[in-house]
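Each remark here refers to the structure printed beneath this line.
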Amino acid sequence: MGLGRRQDGLAPTPPMGWNSWNRFQTRIDERMVRETAEALIESGMRDAGYRYVVIDDGWEAPERNADGDLEPDPERFPSGIAALADHVHRLGLRFGIYTDAGTKTCAGYVGSLGHELRDARRFAAWGVDYLKVDWCHTEGLEGRTQYEMWSRALQEAGRPMLLSICEWGRSRPWEWAQTVGHLWRTCWDIQDTWPSLIGVIDHQRGLAPHGGPDGWNDPDMLEVGNGGMTIDEYRAHFSLWCVLAAPLIAGNDLRAMGDEVREILTAPEVIAIDQDPAGRQGDLVRAERSMEVWARDLADGSKAAVLFNRSLRQEDVALRWSDLGWAPGARVRVRDLWARADVGTLSEGLTAVVPAHGARMYRLMPEAH
Ligand code: GLA
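Under our numbering, the first residue of the sequence shown carries the number 1170, and numbering increases by one thereafter.
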């Protein structure tokens, strides 16, 4: 596609992990981060592929120290960030942190503007593996210029780190960020409500050609398990993120997670779609009233399809082979990815009952002629 890729190999498939913001906002401390890292393991999420434990806004002390360096809040992070990163690393996980490209963070903590290299070095010295750089208080600045500066600063700091670009799609980062960061937000913040989820999904159409290995479109972190939506809505949310090849950054309290939520976040065959090695993002292929079909190509020649019902009633939703670019009559092996069950070999498409505000998800492999 002519766009230079970063191709440093740090994010061959969409990054997976956990971030503190969606559930906790700035109510974070080192104990809960440790407990969350442990819960990632006990819940089976590490084994399902989740690696990065990321602390978002709210970790900092109110001022830089006498040397001009960022410091953590001494009461909430008394052992310091290096010790916390070590602890996370010893559990076989990676550690991420947050700063802001402007003068202050979105929650009003110290920003990094004018201190990019100093802060990048500090993060590297602490053992940071993933850096999210936010975009509040950046009046007069240009996104591409500032994030390019961050990319160079991280390179100079010398520790391999994912760069998560968080300027909410303002300067169309999908058009320039492939050589700058490993993921970039495509729109404004998600919230734990159905209308917010719909708003985010409607912003993702047409972005598929821009995402791929080492440079992913990021529709924002997951709200699965935060309590504002139904289990069917969360299953739809997760299905769509996987067909979109989105980063899977859980945002719930992993220490107090019920089985239904854990089963969504660890669904092996659904995650396998997100993590497909070809890294080809899916897109909307057909919309009819409140029914949508989203699909993506997979490395083995099969395709994944999500049948998405936006209405408040259960509906029969049809998947036609023409939605997937296949001739009517083609013989296709179909697997239901949530049920983890074979549906059979079909030749005339399929029709599924899709719950209200819900989704079904399939993997489809055409038979060799
Ligand atoms: C912005 C970002 C969020 C989160 C908050 C923190 O709104 O988009 O993801 O990092 O700031 O204040």
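For each residue, glycine too, the CB sits at the ideal point set by N, CA and C.
A1322 counts as buried, since no fewer than 16 other beta carbons sit within 10 angstroms of its beta carbon. Spatial neighbours of L1352 in its own chain (CB-CB distance under 6 Å, excluding positions within 5 residues in sequence) are listed in chain order as S1333, W1385, D1387, P1416.
Collapsing the DSSP output to three states places L1332 in a strand. Apart from the 5 residues on each side of it in sequence, M1390 sits with its Cβ closer than 6 Å to the Cβ of N1188, N1191, I1418, G1420 in its chain, given in chain order.
Within the same chain, and ignoring the five residues on either side of P1181 in sequence, the residues whose Cβ sits closer than 6 Å to its Cβ are P1382. Looking at the DSSP output, D1226 shares a beta bridge with no other residue. Counting C-beta pairs closer than 8 Å gives three or more between the segment 1469-1481 and the segment 1489-1509, which meets the contact rule.
Between Q1444 and G1380, the CB-CB gap reaches or exceeds 9 Å. In this structure, the C-beta of W1337 approaches the ligand GLA to less than 8 Å from one of its heavy atoms.
In this structure, the C-beta of D1242 stays at least 8 Å away from each heavy atom of the ligand GLA.
For T1272, no alpha helix (DSSP H) run applies, since DSSP gives it neither H nor E.
Residue state for Y1267 is assigned as strand, using DSSP reduced to three classes.
In its chain, beyond the 5 residues on either side, C1411, A1473 have a beta carbon closer than 6 Å to the beta carbon of I1442. Going by C-alpha positions, V1512 is about 15 Å away from V1475. In this model, G1368 and R1374 are separated by some 11 Å (Cα to Cα). Taking C-alpha positions only, G1265 is separated from A1537 by approximately 45 Å. Under DSSP, I1418 takes part in a beta bridge, and its partners are G1186. Note that the C-beta distance between R1482 and R1455 is not below 9 Å. For W1357, the three-state secondary structure derived from DSSP is coil.
A heavy atom of the ligand GLA is found nearer than 8 Å to the CB of K1301. Inclusion of G1327 and R1263 in the CB contact set at 9 Å is not warranted, their separation being larger than that value. For G1271, same chain residues with a beta-carbon under 6 Å away, outside a window of 5 residues either side, are G1280, L1282, C1305, H1306, T1307 in chain order.
Measuring C-alpha to C-alpha distances from Q1324 to each of L1366, S1340, D1298 identifies D1298 as the nearest. In the DSSP assignment, Y1299 falls outside any alpha helix (DSSP H) and lies within the beta strand (DSSP E) extending over 1299-1303. Contact annotation, G1498 with S1480: C-beta distance approximately 30 Å; criterion of less than 8 Å not satisfied.
Rounded to whole angstroms, E1285 and D1428 show a C-alpha spacing of 42 Å. Set against 8 Å, the gap from the CB of M1185 to the closest heavy atom of the ligand GLA is not smaller. In this structure, the C-beta of M1201 stays at least 8 Å away from each heavy atom of the ligand GLA.
Around the beta carbon of N1478, 16 or more other beta carbons lie within 10 angstroms, which makes this residue buried.
In the three-state reduction of the DSSP assignment, Y1316 falls in the helix class, which pools H, G and I.
If you ignore the 5 residues before and after T1195, its C-beta comes within less than 7 Å of the C-beta of D1226, G1227, A1276, all in its own chain and listed in chain order. Within the segment 1446-1525, the complete beta strand (DSSP E) segments of 3 residues or longer fall at 1452-1457, 1460-1466, 1472-1478, 1484-1488, 1501-1505, 1510-1515, 1519-1523, listed in chain order.
Placement of the Cβ of Q1194 at a distance of less than 8 Å from at least one heavy atom of the ligand GLA is found. For H1258, same chain residues with a beta-carbon under 7 Å away, outside a window of 5 residues either side, are F1264, G1296 in chain order.
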